[in-house]
Each structure stands twice: as C-alpha cells, then as structure tokens.
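S.K.:
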Amino acid sequence: MGPLGLHAYVANSGSGTVSVLDVGALTVSTALGPYSKPTALGVSPDSTLVYVTDSVANAVRTAQKDVLAVTETIAAGKNPNGIAVSPSGIRLYITNQDSGTLSVIDTLTSTILTTIPVGTRPTGVAVNATGLEVYVANTADNTLSVISTVTNTVVATIGGLSAPTGVAVSRDTTHVYVTNSAANTVSAIDSGTRTITATVPVDTAPSGVATSSDNLQVYVANHGSDTVSVIDATTFTVTDTITVGHQPAGIAVTPNNVDIYVANSGSNTVSVIQTLNQMAPPLGPQSSGTKVTLTGTSLSGATAVKFNAVSVPILANTANRILVASPPGIGIAQVTVTTPGGTSNPKPFTYYNSGTASSITPPLGPTAGRNTVTIDGAELASADSVLFGTLLAPPLVISDQQLAAAVPPAASPGAVPVTVTTAGGLATKKLIYTYVDPPALTGLSATTGSQFGGNVIDLTGRNLGTATQVLFNLTNAPFSVGADNTLAAVVPPSPVTGPVDVTVTTAGGTSTFPGAYTYT
18 MGPLGLHAYV
28 ANSGSGTVSV
38 LDVGALTVST
48 ALGPYSKPTA
58 LGVSPDSTLV
68 YVTDSVANAV
78 RTAQKDVLAV
88 TETIAAGKNP
98 NGIAVSPSGI
108 RLYITNQDSG
118 TLSVIDTLTS
128 TILTTIPVGT
138 RPTGVAVNAT
148 GLEVYVANTA
158 DNTLSVISTV
168 TNTVVATIGG
178 LSAPTGVAVS
188 RDTTHVYVTN
198 SAANTVSAID
208 SGTRTITATV
218 PVDTAPSGVA
228 TSSDNLQVYV
238 ANHGSDTVSV
248 IDATTFTVTD
258 TITVGHQPAG
268 IAVTPNNVDI
278 YVANSGSNTV
288 SVIQTLNQMA
298 PPLGPQSSGT
308 KVTLTGTSLS
318 GATAVKFNAV
328 SVPILANTAN
338 RILVASPPGI
348 GIAQVTVTTP
358 GGTSNPKPFT
368 YYNSGTASSI
378 TPPLGPTAGR
388 NTVTIDGAEL
398 ASADSVLFGT
408 LLAPPLVISD
418 QQLAAAVPPA
428 ASPGAVPVTV
438 TTAGGLATKK
448 LIYTYVDPPA
458 LTGLSATTGS
468 QFGGNVIDLT
478 GRNLGTATQV
488 LFNLTNAPFS
498 VGADNTLAAV
508 VPPSPVTGPV
518 DVTVTTAGGT
528 STFPGAYTYT
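In terms of our numbering, the sequence shown opens at residue 18 and continues consecutively.
1. Kindly indicate which three-state DSSP category residue 249 falls into: helix, strand or coil?
2. Please work out which residues of its chain come closer than 7 Å, Cβ to Cβ, to residue 367, disregarding the five sequence neighbours upstream and downstream, and give them in chain order.
3. Apply the 10 Å Cβ neighbour rule to residue 252 and answer buried if 16 or more other Cβ atoms are within range, or exposed otherwise.
4. Looking at residue 484: is its Cβ nearer than 9 Å to the Cβ of residue 382?
5. Taking DSSP as the reference, what is the three-state secondary structure of residue 397?
6. Looking at C-alpha atoms only, which residue of 469, 445 and 403 is the closest neighbour of residue 375?
7. Straight-line CA distance for residue 502 to residue 384?
8. Which value, in whole angstroms, describes the spacing of the CA atoms of residue 443 and residue 305?
9. If you reduce the DSSP assignment to three classes, tell me which class residue 232 lands in.
10. Our contact map puts residue 120 next to residue 111 with C-beta atoms below 8 Å; I'd like the distance itself, whole angstroms only.
11. Measuring straight from C-alpha to C-alpha, what distance separates residue 16 and residue 393?
12. Checking the sheet assignment: what are the DSSP bridge partners for residue 78?
13. For residue 160, list the residues DSSP reports as bridge partners.
14. Suppose you measure from the CA of residue 517 to the CA of residue 455; what does that come to, to the nearest Å?
15. In the DSSP assignment, the beta strand (DSSP E) including residue 339 goes from what residue to what residue?
16. Run the CB neighbour count on residue 530, radius 10 Å, all protein chains shown included, and call it buried at 16 or more, exposed below.
17. Pick from 186, 194 and 144: whose alpha carbon is nearest that of residue 215?
18. Measure the beta-carbon distance from residue 288 to residue 262 and round it to whole angstroms, keeping in mind my assumption that it falls under 8 Å.
19. Looking at residue 142 and residue 101, is the spacing between their C-beta atoms short of 9 Å?
20. Just the C-alpha distance for residue 69 and residue 156, rounded to the nearest angstrom, thanks.
21. List the endpoints of the continuous beta strand (DSSP E) containing residue 113.
22. With 16 as the cutoff for other CB atoms within 10 Å, does residue 347 come out buried or exposed?
Rendered as structure tokens:
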C-alpha cells in the first residue's frame, strides 16, 4: 500500500501491476507496469514518481505516474521486499530479504549510495519525519535495526520482538510501532531510549501497520484474521476491531485522517475504512479550491453543501461521503449538508491568509545540506512544507513569525527558490537559497614568516568566495576575498615558532592545509 494523497497505490504481485486508485471517486484510475513481481512501493513527496520493488528482477523500478510507464530500473539486493522514501524524496531505502541488507538509493542519480548489513530476512522499513533515522524489521532474528542516515550505519539493534514484519513511525517521531507476526502483538518502542515501552495484543498474524498524522491512532492489518485493529496511541490499548477483506497485508492512512485503505492480498481487493464523522481538511486558503471531504451517515442524494450561505458544486456523493471544493472566503465558514432528510449540523472551515516569508537565514550553505535555516515572516504557524527547489524539507514551526528547516542535500551548487506552503497556500515572496560547494585550500604565496606576523599573503584554492573565517593554527587572521580562488590574509602573531595549520571556513564547509605556514 502506497502513501495517500489524491491517489492510493497498490502493488499486485499476481498480475505484475500497480493499481492507481482515485481517492475521491474510490475507483481504479489506471495501472502501472508491467513488473515481474511487485512486492512493495513508495511514492515521491510530490506524487510524480512511483518506486516499486521487483522481487524477481532483484531491482527497484521507477515509474512516472503521468507517463504510466517504467522509466528506470535500479539493481538492488536479493529479493527486495520493503521500501521507504525519505521525506525530502532524495533517498530510497530498500530491504533485501535474501541478502540481509538495506540498499540506500540516491533518487537524483538513480544509483545505490551504499549497502548496509542489517539483520536476517529484513522485511518492513520506515523512515522518520526528520529523515535522520531508518528502522528495519528483521523477521528471522526478531530484531529491529536503527540506522543513522548521517553515517549510513546501524547505530542500535533492538531485540525482544517476535517475527517482526511491519514498522511505522509516528509523525512526531517519538514512537516506532512494530508488528510481531508470530506473537500476535504490536510493540511500541520509544525512539529516544530505544526500548519497548508497551506490547499490545491484536488479532492473528499482524502484518502492515500505519499511524494517523495526529499521532493518536495506530492501525494494524491482521493478515490471519481478516481484521484491522485500532490502537489508542496514548493508552496503548485496542479500541476497535474492524472486519476487512481476506488476508489484509498493506495499510495506509490519508494525510487528513479521513480514510484508512487496506490491501487484501487474499481477495485481491482494497477495503476503505471511514473514521469518525468529520470534515477534512477543516482549513484552507482564502482563494478557494481546497478539496474538502465530509464523512457521516445518510448522505446519499445530497442536494446542497453550503459554506455559510454560499452553495458549492458536489463533486462526489456516496452514502457516507461528500467531496466538494471550498469557495473563496474570509474568516470561519459554517459548512452544512442538505439531503432529502434535512440539513446537517454545521462544521467550521477556517480560511487562512497565505502568509509571508520575508527572509531566510543563512541564505547559503553546503551542497551536502543538513544544516538548519530559519525563515522569518508572518502567519507561518500553519506551514506544512518548505521546498528548496523541488526538494522537500519538513518545517518546524517556532512561532507564527518563524520556521526552522533542515536543508536537504543538493546534487550541485547554485541558487534555488525556497517556497513555503501554509494552510492559506503558497506564502508570498519567493526566497532564494544558494548551495555552495566545499572549499579546497591548495596554496600560499609565502609559507614562512616572523612569529610577530603582520605580513600579507595570498591563499589560493577553490570555492573560497564565501569565506567567513581564516585561522592560522587557532588564531583568527584578518582577510579579504579577492576572487573565488584567492584570499588575502594578514598573518597573525604566534606565541611559538614552527609549522601551523591554515584553515579556511566558507558557507560550503571547511578546508585545512596541514602545516602550511611556518613561523620563524
């Protein structure tokens, strides 16, 4: 089961295809393929690319949703089974069951960056919302591998599991949930202490697992009992058990928490579970056009949906669901549904301004990314995404006037637009962020001088134009930038004689020339 937005994606291993479901209309809109034997899939953050593991071909195949065809094939390990896409969309993580490894794929170059040994028969895989940790369920040795994406190494191995298969991470990254298919339980793991804090009994042979975007529920597909267990994530208790199709395996939740989609491998169907009666999303931009889903009972034959007094066209209508698009508005609109049976209770829809993103600090940084920037402006509290070019960086809301974001890595240096999306749409004023390659200090015009300093020398190299500091040993040297390959520095005094390191720090990083200058 693939991530959900306007579409859901289901891997059909029997027919060698991927079905694309229209979430609004609840119909199969098309199929992608063919594949040898698709086992799992992931979708890029912008929903333009679908990644499918092919267990027969030992590969990952990339398909463009609009082209409806496979465009690239990337070799993986033996019997690739699970797949996870990083929040920025620039990394894929593939579990290779028969190799006992995790493949890390760069989506910008479609190449394998590294292969990480994990446990025996790795199956499920998930990456947290920050993109900094990946979790792999090792079915045969009853462990969970924790991988740092900074070092691409296993930094912890958590035991005490029982044939773990599925894994999911809460949106707030505080908990990891693992299905224990042999014990008929779900383990809740504290991601900070890396310990199991709760074990929740569910139905037979739990397989797929997913969390709600508000971190309040966990949904578990029980492959052996044809049910879905609903777990309260605050009390770690099962609050509901829902019958679905035969042998449910994959499970996913819409970002607005309205629907749960369950792929039933034994009956070749998808079950759609509607959550509590609600309207989602309950907010949107003043400019109109937000797709709003209303769920409830006895909604067949709806004759009108109104935002205050403004009637809107009904785009789809079933007994439990109505899809409309919000009209232009300001403030809070009360939304009502009228059917032959009467008019419903109102639900509030809040209109938001688009907000303003006025500055980004710092405005430049290394191509390797992972540094943090702050974005200042106004009405930013509802921000849900920041894009550096086309690369996604989940925002951390500090206040209504400020956001923080971890810069995603870039394939090459250069300036990219930075756009912020809030509940009101795209924030006004497009910002610019410049990626800078790391510096390389290669030469000095003079390599010796008096320990009293004061002489001026030239430092040469590459990518020096954004220099912020020059050090002789640990002493700051006044400097000026001549060009991208030249700096002029005033040699500072030294308390001792002998060779010292010369270091240049730029927006792109740091370069040290060991023992480059000798004080006499």
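Using N, Cα and C, we set each Cβ at its ideal position, and we do this for glycine too.
M.R.: In brief:
1. As a first step, residue 249 must be located in the sequence shown, where it is residue number 232. Note: residue 249 maps to strand in three-state DSSP.
2. Reading the sequence shown from its first residue, position 350 is the one you call residue 367. Result list for residue 367: 299, 300 and 349, in chain order.
3. As a working note, residue 252 is residue 235 in the sequence shown. Exposed, since its Cβ has fewer than 16 Cβ neighbours within 10 Å.
4. For the purposes of this step, residue 484 is taken as the residue at position 467 of the sequence shown. For the purposes of this step, residue 382 is taken as the residue at position 365 of the sequence shown. Not in contact: residue 484 and residue 382 (Cβ atoms no closer than 9 Å).
5. Residue 397 sits at position 380 when you count from the first residue of the sequence shown. Taken through DSSP and simplified to helix, strand or coil, residue 397 comes out as coil.
6. For the purposes of this step, residue 375 is taken as the residue at position 358 of the sequence shown. When each option's Cα is compared against that of residue 375, the closest is 445.
7. Against the sequence shown, residue 502 aligns to sequence position 485. Against the sequence shown, residue 384 aligns to sequence position 367. Approximately 18 Å between the Cα atoms of the pair.
8. Working through the sequence shown from its first residue, we reach residue 443 at position 426. Working through the sequence shown from its first residue, we reach residue 305 at position 288. Counting only the Cα atoms, residue 305 lies some 13 Å from residue 443.
9. Looking up residue 232 in the sequence shown gives position 215. Three-state DSSP puts residue 232 in coil, outside helix and strand.
10. Along the sequence shown, one-based indexing puts residue 120 at 103. Along the sequence shown, one-based indexing puts residue 111 at 94. 4 Å between Cβ atoms; contact.
11. Any property of residue 16 remains undetermined from this structure, which presents the chain solely from 18 to 537.
12. By 1-based counting over the sequence shown, the position of residue 78 is 61. Paired residue(s): 69 and 90.
13. The sequence position of residue 160 within the sequence shown is 143, counting from 1. Its beta-bridge partners are 155.
14. Residue numbering aside, residue 517 sits at position 500 when the sequence shown is read from its first letter. Residue numbering aside, residue 455 sits at position 438 when the sequence shown is read from its first letter. Near 22 Å, if we compare the C-alpha coordinates of residue 455 and residue 517.
15. What you label residue 339 is simply residue 322 of the sequence shown in a count that begins at 1. Following the DSSP letters along the chain, one finds residue 339 inside the beta strand (DSSP E) bounded by residues 338-342.
16. To locate residue 530, count along the sequence shown from 1; it is residue 513. By the 10 Å Cβ count, residue 530 comes out buried.
17. On the sequence shown, position 198 is the one that residue 215 refers to. Checked all of 186, 194 and 144; the closest Cα to residue 215 is 194.
18. As a position in the sequence shown, residue 288 is number 271, starting the count at 1. As a position in the sequence shown, residue 262 is number 245, starting the count at 1. Correct: roughly 5 Å between the Cβ atoms.
19. Within the sequence shown, the letter at position 84 stands for residue 101. Within the sequence shown, the letter at position 125 stands for residue 142. The answer is yes: Cβ separation under 9 Å.
20. Within the sequence shown, the letter at position 52 stands for residue 69. Within the sequence shown, the letter at position 139 stands for residue 156. Those two C-alpha atoms are separated by around 21 Å.
21. Within the sequence shown, residue 113 is the residue found at index 96, counting from 1. Boundaries of the beta strand (DSSP E) harbouring residue 113: 108-113, taken from the DSSP string.
22. Along the sequence shown, read from residue 1 onward, the residue named residue 347 stands at position 330. Exposed, because fewer than 16 other Cβ atoms sit within 10 Å of the Cβ of residue 347.
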